[in-house]
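So the structure is just underneath, and the comments pick up after that.
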Amino acid sequence: MRADLNISDIHSLGKAQAFETLAQIARVEKKTFPAKEAFAFGEELWKKKPNTKVLYATLGPHSSVIAYAVYVRQKGVALLHKVCVVEGYRRQGVGMELMNYIRQRLQKEGCQYVQLWVDKARDAARSLYVRNGFEEREEIPDYYAPGRKGIRMVLDLGRDGP
Ligand SMILES: CC(C)(COP(=O)(O)OP(=O)(O)OC[C@H]1O[C@@H](n2cnc3c(N)ncnc32)[C@H](O)[C@@H]1OP(=O)(O)O)[C@@H](O)C(=O)NCCC(=O)NCCS
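The numbers in the UniProt record's numbering rise by one with no breaks, and the one at position 74 of the sequence shown is 74.
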C-alpha cells in the first residue's frame, strides 16, 4: 500500500469540504462514464441518504481525489454502484486498497453480501472484482445498452475473513 494513501468517507468531512470533494468526484465521473451511466454526485449525498456511502481516496492531506466508490446498504446487502480510480493513478494498487477498505468496513458493520453489476466489456473492473472474491452469478444481454451485457457479481462476506 502507498504510505500516503488515505481512504475516508464524505460524512467525516464538514459541509464545505464535503461539497468540494463531491464536486471533484462528479468531474471525474463525467469524464470516465457515458452520461447515461454517470452517478449523480449531488450535495444531497452529504445531507441526507445515510444508507448511501461515498468513499474517496487522496494522497496526503492536500491532494485532490484520486479514487472513489459508492455503495448503498440495504440491511445485510450492500450494492456497490461505483468504483473508480482517476486515470493517471491506475495500475498502482489503488483499486485493490479501495476494495479492501470496503470489504473490511462492511464486514465490521455486519453486512453479509456485496452485490454489483458490471459491463461485461469492462475487463479491468471484472478482474478487480474477481481478485476480491466476487463471483459472477448472472448475465443479462443488453443490460446497459443494445449489445452491452451486464454481469451481476456477488461477494459473500461470511465466507472469508479479513
Ligand atoms: C477498474 C479500476 C477501478 C481498477 O483500479 P486500479 O487502481 O487500476 O486497480 P489495481 O491497480 O489495484 O489493480 C488490481 C487488479 O485489477 C485488475 N486490473 C486493473 N487494471 C486492469 C487492466 N487494465 N486490465 C486487466 N485487469 C486490470 C487486475 O486484476 C489487477 O490485479 P493485478 O495488478 O495483480 O493484475 C480502474 O481501472 C478504473 O477506475 N476503471 C474505470 C472505471 C470502471 O470501470 N469502474 C468499474 C465500473 S463502476
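Think of the CB as a built atom: it goes at the ideal place given N, C-alpha and C, for glycine as much as any other residue.
Practice task
Taking 8 Å as the threshold, find out whether the segment 145-157 comes into contact with the segment 107-119 through three or more Cβ pairs.
Solution key: yes
Exercise for the section: Note down the Cα distance separating residue 84 from residue 67, rounded to an integer number of angstroms. Expected result: Looking up residue 84 in the sequence shown gives position 84. Looking up residue 67 in the sequence shown gives position 67. Their Cα atoms are separated by approximately 5 Å.
Problem - Integer-rounded CB distance, given that residue 102 should sit under 8 Å from residue 125 - result: Working through the sequence shown from its first residue, we reach residue 125 at position 125. Working through the sequence shown from its first residue, we reach residue 102 at position 102. Residue 125 to residue 102, Cβ: 14 Å. No contact.
Problem - Span of the beta strand (DSSP E), counted from its first residue to its last, around residue 29 - result: Here residue 29 is taken as the residue at index 29 of the sequence shown, counted from 1. No beta strand (DSSP E) holds residue 29; the alpha helix (DSSP H) holding it covers 15-32.
Practice task
With DSSP collapsed to three states, give me the class of residue 109.
Solution key: Position 109 of the sequence shown, counting from 1, holds the residue named residue 109. In the structure shown, residue 109 sits in coil (DSSP, three-state: anything other than H, G, I, E or B).
Exercise for the section: Look up residue 145 in the DSSP assignment and give the residues it is bridged to. Expected result: Position 145 of the sequence shown holds residue 145. In the DSSP output, where bridge partners are listed per residue, residue 145 has 148.
Handout entry: Residue of 62, 41, 77 minimising C-alpha distance to residue 107
Key = As a working note, residue 107 is residue 107 in the sequence shown. For residue 107, the nearest C-alpha among the options comes from 77.
Problem - Closer than 6 Å: residues whose CB approaches a heavy atom of ligand 1 - result: 32, 82, 83, 84, 85, 90, 91, 92, 93, 94, 95, 96, 118, 122, 123, 124, 125, 127, 128, 131
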